[in-house]
Ligand SMILES: Nc1ncnc2c1ncn2[C@@H]1O[C@H](COP(=O)(O)OP(=O)(O)O)[C@@H](O)[C@H]1O
Ligand SMILES: [Mg+2]
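Protein chains in written order, with our numbering: chain A, 63 to 333; chain B, 446 to 715; chain C, 8 to 249.
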């Protein structure tokens, strides 16, 4: 069994190296090196301890798996940090791939390129213990009556506006930390995140955070899918997609997801 | 019937206008011709000057700008009243009022020393975090408080410098007529001081109009935030250009109007 | 001899280390007109300012109708209604019309709407057409006349004038001196610091020559101008009358 596995990895590595010479070769910023961007800071569970080099955390692990698949050894992966704005601003980029939970949307796709999705994120509602004690339930009716907060650079706002249609207009913040502060200040009742972020924020950043429920991603008309962002017209895109397909087919992507994003079970679906 | 001099001056004026017009045309022409030659122009153009996105986001951004105007409108009177109070406290001469002088000095140093955005965070999240119930924990209220604290400190300093710039003989003249210190300040010193600092205060108000956008950090969806949301959803910076245009539509006429008022005030008296 | 309106005894005044007044004795009878002459820096302005309490004196007495107003802590409010003062320049409030300049103190201090009285004053001193103008629309002479009217509107019995014609163009001096003549005719008690020697000689009851913070010589105009006894007085008069 063990030998088979080793053999598979060897084969994969070999195919990867082969692929590199055929696909990614000469298409990266620096020959022989894959430069990947993440957020500053990068959050759990996407990157553990803000140290993507360690390969710990879902996106860090996917990044190294992709690199390997495309024929880059771990030591040939370089990390840089960008904000969302840097990722979409015109002009040359200092990364080959940018992975920081970017939702793939048609509008964004006109300006930059996205890989095939590497994760389909259920949207989840975070609220406070007090709100739950006050009668908040994972039902549309209950959600409508809440005061909402969302992060500006995510796709959460249109989801709140279209799906939930709250009675009061939502407040909008720069990042999760500010959402946390506003919730603790009692200025908002609920926030919409992707499920892993909601779980982390509720458990770690908040003292009194609760994940109230999640939307069924398979039921959504356009599910929230994360893709690696690339320069518009990037020559690398076919290679990345090919590598992702291979990871999906081999079950490796699912394994990484199971390893890092497993606590999602037990969060009720919103009715 | 024109004099020799008038004819000469008219000739000079025509020449000057011609030159000014020509050089402006040349500069504009160079800009229009040269900028698009830059290698990244196509990308910059689609990213910052996308006509379709401009048209699509303009109505929502204009609507969001109403929030800026509202916050500005209710902040200004508070800033002026508080700024005046602090300026007067700083100038208090009576020994009993010494604590007020100290308070005024600390207030001014403190709130001019802290960047507005920090104050917006500290006051906007911090004070409501003490457990105020809704609606008293609203970010609109506490964000406004942060703006008022900062800007009243600046206005207080401006007013104080205005008060100090009024010649001591004005005060002497008033005191010698038997006016009280209070009346001297109210009827003689302050009206002159306030007039003198109108330009400085106008600049302050233009800065305030822009800093209102900092309230977006604590939740309110004003124009800059709305532009940021569009930018994020559309992955395009054109909404920021729209916001800039909307800002200019207000600030340029406002400053021009203030200039006009000041000139009129001056002309009326000469 | 009637009780003096103003009586100064042993008045001293220093600014920091510099002593400006060295024990001034001076008394002014009701209706009297006293002119202070002397070189620049001799202490004329300071003396005038001590007379209405604008400058607190260090030592000595300033009696107004027998009451010592130099007493530390004395309430000077009422004194300032009784004694008007006009300075060399910057008298008027530039943001108010001539009328408002004059009406402010009666309204705020006396609680009186003195419109009729004020209009009479403007008419009397030939300024009726200028009543609604701002100070910078008036000539220097007109401004000084408005300043006099403003002081008179408080109905003072004594007026102090500190070189009120010194900052004026020569052709404007006469119209201001005419105002002083009218006040003299009204019997106003007046103390003037002035460089207008001809005017002083013609109208003053008494001339005080100030030198380095003391009244070096005083007497009737004829005596001071024709036969001064002190050498300093002669020197000063020689320099200004040349
Ligand atoms: N506020 C002041 N502070 C310091 N020195 C002063 C002040 N006022 C006047 N002096 C000084 O007192 C002296 C007398 O001044 P002043 O009374 O103005 O004289 P005059 O009016 O006769 O020209 C001058 O040496 C002047 O410099
Ligand atoms: Mg003087």
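Glycine residues also receive a C-beta, built at the ideal position from the N, C-alpha and C atoms.
Item, Value
"Using the three-state DSSP reduction, which class does residue 709 of chain B fall into: helix, strand or coil?", "helix"
"When you compare only the Cα positions, how much space is there between residue 506 of chain B and residue 182 of chain A?", "31 Å"
"If the cut is a Cβ gap below 7 Å, which residues of chain B does residue 215 of chain A touch?", "677"
"Assuming residue 634 of chain B and residue 616 of chain B are in contact, meaning their beta carbons sit under 8 Å apart, how far apart are those beta carbons, in whole angstroms?", "6 Å"
"Can you give me the start and stop residues for the beta strand (DSSP E) that residue 467 of chain B sits inside?", "Counting along the chain, residue 467 of chain B falls outside any beta strand (DSSP E), though it belongs to the alpha helix (DSSP H) covering 449-479."
"Check whether the segment 192-208 of chain C touches the segment 117-129 of chain C, counting contact only when three or more Cβ pairs, one atom from each stretch, lie closer than 8 Å.", "no"
"Output needed in chain order: residues of the segment 105-125 of chain C with a Cβ under 8 Å from some Cβ in chain B.", "111, 112, 115, 116"
"Quick check: the segment 602-613 of chain B against the segment 72-84 of chain C, are at least 3 beta-carbon pairs closer than 8 Å?", "no"
"What distance in whole Å lies between the Cβ atoms of residue 216 of chain A and residue 242 of chain A, which are believed to be in contact at a cut-off of 8 Å?", "Between residue 216 of chain A and residue 242 of chain A the Cβ distance is about 15 Å, and since that is not below 8 Å, they are no contact."
"Measuring only from the beta carbon, is residue 233 of chain C closer than 8 Å to any heavy atom that is part of ligand 2?", "no"
"Applying the criterion that 16 or more other CB atoms from any shown protein chain within 10 Å of the CB defines a buried residue, is residue 44 of chain C buried or exposed?", "buried"
"Could you tell me the distance, in whole angstroms, from the CA atom of residue 306 of chain A to the CA atom of residue 128 of chain A?", "7 Å"
"Of all the residues that make up the segment 567-596 of chain B, which are near chain A by a beta-carbon distance shorter than 9 Å?", "569, 570, 571, 572, 573, 574, 575, 576, 577, 578, 579, 582, 583, 584, 587"
"I need the straight-line Cα distance from residue 198 of chain A to residue 272 of chain A, nearest angstrom please.", "11 Å"
"Would you kindly work out how many angstroms separate the C-alpha atoms of residue 239 of chain A and residue 267 of chain A, rounded to a whole number?", "8 Å"
"Would you say residue 637 of chain B and residue 9 of chain C are within 9 Å of each other, going by their C-beta atoms?", "no"
"Are there three or more Cβ pairs, one per stretch, closer than 8 Å when the segment 202-218 of chain A is compared with the segment 518-526 of chain B?", "no"
"Going by beta carbon distance, what residues of the same chain come within less than 7 Å of residue 681 of chain B, once the five residues before and after it are set aside?", "492, 495, 498"
"Which class does residue 137 of chain C belong to by DSSP, given the choice of helix, strand or coil?", "helix"
"In terms of residue numbering, what span does the alpha helix (DSSP H) encompassing residue 16 of chain C cover?", "Element bounds for residue 16 of chain C: not the alpha helix (DSSP H) but the beta strand (DSSP E), 13-22."
"Report buried or exposed for residue 708 of chain B, applying the criterion of at least 16 other Cβ atoms within 10 angstroms of its Cβ.", "exposed"
"Among residues of its own chain, excluding the 5 on either side of residue 332 of chain A, which ones have a beta-carbon nearer than 6 Å to its beta-carbon?", "200, 275, 277"
"Can you determine whether any heavy atom of ligand 2 sits closer than 8 Å to the C-beta of residue 62 of chain C, and answer yes or no?", "no"
"Determine the DSSP secondary structure at residue 143 of chain A, reduced to helix, strand or coil.", "strand"
"Going straight from the alpha carbon of residue 589 of chain B to that of residue 231 of chain A, what length do you get?", "19 Å"
"Per the DSSP calculation, residue 166 of chain C is bridged to which residue(s)?", "C/91, C/197"
"Under 8 Å between beta-carbons, which chain D residues line up against residue 102 of chain C? List them in chain order, please.", "This model lacks chain D altogether, as its protein chains are A, B and C."
"Are the CB atoms of residue 513 of chain B and residue 668 of chain B within a distance shorter than 9 Å?", "yes"
"Can you say whether residue 211 of chain A is buried or exposed, counting buried as having 16 or more other CB atoms within 10 angstroms of its CB?", "buried"
"Should residue 58 of chain C and residue 196 of chain C be called a contact, given that it needs their Cβ atoms to be closer than 9 Å?", "no"
"Can you determine whether any heavy atom of ligand 1 sits closer than 8 Å to the C-beta of residue 170 of chain C, and answer yes or no?", "yes"
"With DSSP as the reference, label residue 85 of chain A as helix, strand or coil.", "coil"
"Taking 8 Å as the cut-off, is the C-beta of residue 221 of chain C nearer than that to any heavy atom in ligand 1?", "no"
"What do you get for residue 621 of chain B, buried or exposed, if any count of 16 or more other CB atoms within 10 angstroms of its CB means buried?", "buried"
"Compare the C-beta of residue 513 of chain B with all C-beta atoms of chain A and state if any pair is closer than 9 Å.", "no"
"Can you find the residues in the same chain that come closer than 6 Å, C-beta to C-beta, to residue 64 of chain A, ignoring five residues on each side of it along the sequence?", "Only weak support is given to the placement of residue 64 of chain A: the predicted model assigns it a pLDDT of 45, under 50, and the question is left unresolved by the model."
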